[in-house]
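Sequential numbering from 18 applies to the sequence shown in my numbering.
The beta carbon of each residue, even a glycine, is placed where N, CA and C say it ideally should be.
All values reported here derive from a predicted model rather than from experimental measurement.
Single-structure report; data block below.
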Amino acid sequence: MDGEKFWDRNPGKFKSLVILVAVLMTAAVIYNFVKYSSTVFSGTTYMQLPSKLYVKNSFAYKTPGGETDTVKAGSFILSIDGKKVQDFSEFNKFLESLKSTPVISFRIFNIKNALKFEENMGNAFFKTMSDSISISSKEIPTDAVRFLTNGSFIGYIYPEGATARAGLKTGDVVLKIKDREVLMHKYPEADGFDVDFYRYFRSMSKEEPIPYTVLRNGQLMAINVVMSTFGISITTLLVFLCGFSYIVMGIYFGFKRPKFIAARLTSIAFLLIGLEISLSLNIGGADFDTYNFIKIYITNLAVIFFLPVLFHSLLYFPEKREAVLNNKWHLRIIYSIAILTFLLFSYMYFFDIQKTDSGIILFLLMGSCIYYTGLRLFYIRKKQAFKKSKVSRKLYVIWLVVFVSVFIVPVWTIFGGKKLPMWTEYNFLLLFLIPFSYLYFTWRYRLLDIDYKLRRNIQYVALSVFWKILLIGTFALLLWKYSMLNLSFPNFRITAGSIELIGVPLDIVTNLFYNKILFIIIAFVSGFILYKVGKSGQNFFDKKFYMQKFDYKFAQDELVRLFQKKFSIESLANVVVEKISSLVRVKNAGIVFSGDGRKIWDGKCYCFDNTESKLFSFDFEQKSFEAVKGFKGTFSINYLPSEIKEYLESNKFQNVVPIKVNERLLGALFIGEKLSETPLKGEDFEFLSAIVTSTSIAVENAFLYEELTKRERIKRELEIAHNIQVASLPQQVPIVPGLDIHATSIPALEVGGDFYDFLNGTADGLTIVMGDVSGKGTSAALYMSKVQGIFQTLHEFNLSPVKLMTRANHLLYRHIDSKSYITAVGASFDTKNKSLSFARAGHLPLYYYNHNINEIRKIQPSGMGLGLSERNIFDYSIEEVRIDYSEGDIFLFVSDGVIEALNRAGEQFGEEKLLSIIKSKSMMNSKIIVNEIMDAVKCFSSDTNQYDDITVVTVKAV
């Protein structure tokens, strides 16, 4: 495809070629149109005479049933006993037969059937509209029939045409025009004037009356016809517009995308068919003059080569068909058919032009279409799957419908079928489908990288104007039609007791008055119906293009009611943007919130795309939000810094509405383009201001609700943590012979850092650990759980209290935050030998009550907190002591929350109160002692909040 490569390399040259061809074609089309329209135009279909025998006088005859019927003057005798009368000698024989033949069979074209003629009806309809009758020769007057040597039968007359204005009627026979006998085409089956007479007719003056000699109902008449200086039928105008639309589309594709072969081939195909359609307005046949001869030849060539170029383009558009293009024989066959058709047509055109109507050319063109159709159905579909098969299939179906509509009637008539005048006249309207479908599919699926858009507001205005013009035009047309009504009303008289119908017709004045009354009534009813239709249509356009007037007061009330509900920040954002998008009818809306004005909530802008009805969000920077602070009311993004403006434009926003309360910026609302693609109006700004006012209150409530929700969530989490922590502490004290044990722990918050544990509880003894993590709350509770787990794991090695502490410090020092530490104690009871081994890691001392001497001693060996130092320092500092005990002795383990409990005066509970309780309750069991201590601490600090975690463990020897 060297040609393809050349144009691929030089798209600019193809564009220049398109411009040149477009200029030449446009000039030719306009010239032809003006020439056609400004040539003598009578608005009449001149047809061949139905026959040479014209009934100039009406005569009656008896039907086989005995009834009397009449052959009207102006009718034609098509045949006599099945034979046509071709010349005057045969006519004389017919006259002689009237004397000798008793009954003669006629085929009569009754003149009344002329009223049934429509535009573009051919002379074949004379036969189909005729009747066969048998008449006695005695009933036929010898002067009833006239032999016509020449003349033209007036078929369809265009309303308001030159001949219609002059008074000619369908069924008239024109014998002479300006004293020259009318000569028709030499082929009887072809309507129209003889070429020489046609030239004569077209050369007549358009300013002077032209005398017509006319036969009407057997009577000769002279009618002067003033030809139109410029005249064209609506059908002809539509043909011109149709062809021109193809030329415009060809120019568009070729000029817009010359670098794509699909666009180039489509451009050439459209230019070729556009040229043929536009120049199909002929002022006679090819033999009329040189201009017509050349023009008709060129237009036929355009049709012949249009088909292969079109099929070639469809192998690239809407997408490439590699399977066919790789096999070049397919294209060669299609172009070969075109070349063969071209050669055959050229030979016939220059040497025997009548043969061009034989149908051979038509069948060759059809053969090209059939070949491509077979190629598509049986080859392309099997060889290659397409992404755009839906578009391709639709385009193919449209082309197929057009080709069938173009070829069906000629083929039908070639095989003897009846002509379809209405179809022949108006089937070209289907051709309008092609350029509009290409335009639509190119836009809809962004084919050839073409992305064009007509704004909705322009579409709306254009459609609204067109709709109004259509309604007004329809109403004017109806009034014009109604004005020509001239009904004959019955003559009736209304009395007090009866309604009488009188046989005498109404006088002209009264009948005219009734017609005027009827005209007024019909006009009023028609106007009312059209008004209702117009209003319904306009409402449809308003709805389709989002131009409906909206009740903003109702919408505002609806939003206020909606905002009374509880929302999270995100749900409120989604509700606001979705509602605003639907109420203001914008393509998209977005919103950001900031509770303190320093940080964007969640760092996101929440948006709603109204064209796709979906919610989404994107990251939004704080600096973009800061730029909004200096504005009040709705403003355009054009006033923002360029970087922020471009960022908002990329997200399809055009306006910003700050959300403020008492000059405090809570957020910003971003508004995109309206669905109608019109600018925001004053009522839109007022509505947005009202929404923002309501939204600001809802935002504050949402922040409060969000904070409350957050607190509730933390509270629930802390409750769960509290339950977990309580569950991690011993749920019951072990039963150890010789020891009475009780313990309790109350955190200052939901969770705390105090812990205790009973690491075993056998008959031989018990190990107790207690600790306190620095800090309070969740962080302390987490470390507490870790330390508790470490002690439980290490105890599996049956370690002494001091070893337990040193090993725990070694593990914690590497995995604890440098700002945190743990104090702890460990005590191992040997119930068999009644002794206690005790080690302390920075915790409060062990309070030991000796029953025998009634004294309390603090056991406070050296030791530093866990996690504060490395192994060598910690191991050196800690020591373990051994205590022998006897029955009645008490050991008390407490956390600093007991000693340091505060009252309102800021006084601490202290050791003295604690020791006095031990002495006073030394005879009681351990549970009572613990309860007394807890009650005393609670009573002491009853007027203040608990400052620290409180943990008490009591062991009494029994």
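Just curious, the alpha helix (DSSP H) that residue i is in, first and last residue?
i: residue 256; result: 251-273
i: residue 347; result: 346-368
i: residue 976; result: Outside the modelled stretch of the chain, which goes from 18 to 975, sits residue 976, for which no answer is possible.
i: residue 587; result: 586-600
i: residue 749; result: No alpha helix (DSSP H) contains residue 749, which DSSP labels as neither H nor E.
i: residue 847; result: Per DSSP, residue 847 belongs to no alpha helix (DSSP H); it is in the beta strand (DSSP E), 839-847.
i: residue 822; result: 818-832
i: residue 855; result: It is not in any alpha helix (DSSP H) - residue 855 instead sits in the beta strand (DSSP E) that spans 852-858.
i: residue 379; result: 377-392
i: residue 318; result: 307-331
i: residue 339; result: 339-342
i: residue 279; result: 278-295
Between the Cα of residue i and the Cα atoms of the options, which residue gives the shortest distance?
i: residue 809; options: 781, 827, 329, 776; result: 776
i: residue 589; options: 707, 663, 713, 243; result: 713
i: residue 914; options: 921, 926, 706, 975; result: 926
i: residue 11; options: 821, 31, 621; result: The structure shown has nothing for residue 11, since the chain only spans 18 to 975.
i: residue 637; options: 631, 630, 645; result: 645
i: residue 891; options: 825, 411, 541; result: 825
i: residue 722; options: 349, 587, 787; result: 587
i: residue 936; options: 228, 973, 632, 965; result: 973
i: residue 181; options: 235, 456, 240; result: 240
i: residue 643; options: 346, 834, 634, 658; result: 658
i: residue 330; options: 455, 229, 359; result: 455
i: residue 757; options: 448, 940, 610; result: 940
i: residue 411; options: 477, 453, 310, 379; result: 453
i: residue 231; options: 187, 203, 217; result: 187
How about residue i and residue j: do their beta carbons lie closer than 7 angstroms?
i: residue 912; j: residue 771; result: yes
i: residue 506; j: residue 474; result: no
i: residue 279; j: residue 352; result: no
i: residue 199; j: residue 70; result: no
i: residue 943; j: residue 968; result: no
i: residue 692; j: residue 604; result: yes
i: residue 902; j: residue 851; result: yes
i: residue 192; j: residue 168; result: yes
i: residue 1006; j: residue 965; result: This structure gives no information on residue 1006, because the portion of the chain shown stretches from 18 to 975.
i: residue 867; j: residue 906; result: yes
i: residue 90; j: residue 72; result: yes
i: residue 274; j: residue 31; result: no
i: residue 818; j: residue 843; result: yes
i: residue 170; j: residue 41; result: no
i: residue 174; j: residue 252; result: no
i: residue 105; j: residue 68; result: no
What residue range does the beta strand (DSSP E) around residue i cover?
i: residue 990; result: Only positions 18 to 975 of the chain appear in this structure, which leaves residue 990 out of reach.
i: residue 759; result: 756-763
i: residue 788; result: 782-790
i: residue 867; result: 863-867
i: residue 93; result: 93-97
i: residue 872; result: 872-876
Worksheet item: Does the count of Cβ pairs from the segment 264-271 and the segment 311-328 closer than 8 angstroms reach three?
Response: Because the criterion of three Cβ pairs below 8 angstroms is not met, the segment 264-271 and the segment 311-328 do not touch.
Worksheet item: Is it true that the segment 530-545 meets the segment 485-504, where meeting means three or more beta-carbon pairs spaced less than 8 angstroms apart?
Response: Touching, yes.
Discussion item. In chain order, what are the residue ranges of uninterrupted beta strand (DSSP E) at least 3 long that sit wholly in the segment 450-511?
Written reply: The segment 450-511 contains these whole beta strand (DSSP E) runs: 508-511.
Fill in: Cβ contact (3+ pairs, closer than 8 angstroms) linking the segment 72-85 and the segment 99-111
Three or more Cβ pairs closer than 8 angstroms define a contact, and the segment 72-85 falls short of that threshold against the segment 99-111.
Worksheet entry | In chain order, each beta strand (DSSP E) run of at least 3 residues that lies wholly inside the segment 886-945 | DSSP assignment within the segment 886-945 yields the following whole beta strand (DSSP E) runs of 3 residues or more, N-terminal first: 897-901, 907-911.
Worksheet item: When the Cβ atoms of the segment 682-689 are set against those of the segment 663-671, are three or more pairs found closer than 8 angstroms?
Response: A contact exists between the segment 682-689 and the segment 663-671.
Fill in: beta strand (DSSP E) segments (min. 3 residues) lying fully within the segment 107-177
Inside the segment 107-177, DSSP marks whole beta strand (DSSP E) runs of 3 or more residues at positions 120-126, 148-153, 162-164, 169-174, from first to last along the chain.
Fill in: Any beta strand (DSSP E) of 3 or more consecutive residues that is wholly inside the segment 609-676
Complete beta strand (DSSP E) runs here, min 3: 621-626, 631-636.
Item to complete: State whether the segment 483-496 contacts the segment 536-544, with contact taken as three or more CB pairs (one from each stretch) at a distance under 8 angstroms.
Response: Enough Cβ pairs lie closer than 8 angstroms, so yes.
Worksheet item: Of all the beta strand (DSSP E) runs that stay within the bounds of the segment 218-248, which reach a length of 3 or more residues?
Response: Fully enclosed beta strand (DSSP E) runs of 3 or longer: 227-233, 236-242.
Worksheet item: Is the segment 145-156 touching the segment 208-224 in the sense that three or more CB pairs, one from each, lie closer than 8 angstroms?
Response: Short answer: they don't touch.
Fill in: Contact the segment 853-861 vs the segment 876-888: 3+ CB pairs below 8 angstroms
Counting Cβ pairs under 8 angstroms, three or more are found: they touch.
Worksheet item: Quick check: the segment 319-327 against the segment 259-268, are there 3 or more CB pairs under 8 angstroms?
Response: Flag = no, the segment 319-327 and the segment 259-268 do not touch.
Item to complete: Mind the definition here: the segment 668-685 touches the segment 694-710 only if three or more C-beta pairs lie below 8 angstroms; say whether that holds.
Response: A contact exists between the segment 668-685 and the segment 694-710.
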